Amino acid sequence: MSSIELQFDEKNEDVLIWNGQVVMSRTEEEYFKVLFRRLAYLKPVSVLEIGYGLGISAGLIQEYLMPLRHDIFEIEKAVCKDLERFSDANLSVHSHCGDWKQSVIDQQYDFIFFDPFDYSPNQQSDEEERAETARRMRLMLNPRGVLCHPHFGDGDVPHLPGFTTVVVERLKVSPIRMADETSCEDVAIVFHRPDVNS
Ligand SMILES: C[S@@+](CC[C@H](N)C(=O)[O-])C[C@H]1O[C@@H](n2cnc3c(N)ncnc32)[C@H](O)[C@@H]1O
C-alpha cells in the first residue's frame, strides 16, 4: 500500500489545509451528524471508510452506526498516525495506511462511506473516474449494502453506473468551508444501492 507524506499549510483538530485548499474542516460536522443520525436505521455490521481526515465521520460512525467491523483507509502519513490513535481507542476500528486504490480490499461491506480528497486531479475525466470507482465499490459491497458520500450544493446527485441513487433528504446547514474557500449551506443525505441485475 502506498502512503504519501504531505506538507500541510495547516493541520489541527479543526482543519486540514494543503496547497491552499481546504481538505477537511470542522464546519462539516453539523451536516455529518444529521447524516449519520438519519442513516443509523441501516444498522450496518461492517463499514468501510475511505479517508480519515479529521476523524469526524469516523467518530460519528462509531457513535450512530456502531458496526462490528470498521475499516478505514488513509493515504497521508501524519493523518494516518491520528487514525492509528483512533483505532487504538475503538475496538472495532482497523486502520489501513495507504492509497485505497492500490490496496487489495477483498472483503464485502454493508456500508461504505467514500470521502477522499483528490490531491492530484485530472488524470481521468470525472465520468471515467466515477465509472471506475463505481465498478470497484460494487465489488466491495454486499448485495444489500449501500455506498454513501457527502453531497454539497442543491444540484443533481451524479448517477453511478450499476447503482440506484436514493436522495434521503436535502437540507440547509451552517456555512461549510469548501476546498476552494467558497462556502456552502445546501447539502443532501444520499446513498447508492447496487442494482440487482447489473
Ligand atoms: C475530506 S477528508 C475526509 C474527512 C473525513 N470524512 C472526516 O470526517 O474528517 C479526505 C481524506 O482522504 C484522504 N485520502 C485522499 N486520497 C486517498 C486515497 N486515495 N486513499 C486513502 N485516503 C485518501 C486524505 O488524506 C484526507 O485525510
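In case it helps, our numbering puts the sequence shown at residues 11 to 208. Just so it is clear, CB atoms sit at the ideal spot from N, CA and C, and this is done for glycine as well. Values in this document were obtained by computation on a predicted structure and should not be read as measured data.
Can the beta-carbon of residue i be found closer than 7 Å to that of residue j?
i	j	result
V44	F121	no
Y74	F46	yes
V167	T175	yes
V183	V200	no
L78	V55	yes
R180	T37	no
M147	I115	no
Given this structure, state the Cα-to-Cα distance separating residue i from residue j, to the nearest angstrom.
i	j	result
G165	Q133	24 Å
P113	F124	According to the sequence as given, residue 113 is Ser; it is not Pro. So the two alpha carbons sit approximately 15 Å from each other.
V7	E39	A query on residue 7 cannot be resolved here, the shown segment of the chain reaching from 11 to 208 and no further.
K111	A144	12 Å
S12	G108	5 Å
I82	E138	25 Å
H106	C90	8 Å
Q17	E191	19 Å
E248	E84	The first residue shown for the chain is 11 and the last is 208, placing residue 248 beyond what the model contains.
P153	R203	8 Å
Mapping the DSSP letters down to three states, classify residue i as helix, strand or coil.
i	result
K91	helix
K111	helix
D19	coil
L81	In the sequence under discussion, the amino acid at residue 81 is Asp, which differs from the Leu named in the question. Looking at D81 - three-state DSSP - the assignment turns out to be strand.
V55	coil
L70	helix
M76	coil
L45	helix
L149	helix
S105	strand
Sorry if obvious, but does the Cβ on residue i come closer than 6 Å to a heavy atom of ligand 2?
i	result
P160	In the structure shown, ligand 2 is absent; the only ligands present are ligand 1.
Only counting runs of 3 or more residues, tell me where the beta strand (DSSP E) segments fall wholly within the segment 159-205, in order along the chain. 173-187 and 193-204
Sequence ranges, beta strand (DSSP E) only - wholly within the segment 109-147, length at least 3: 119-124
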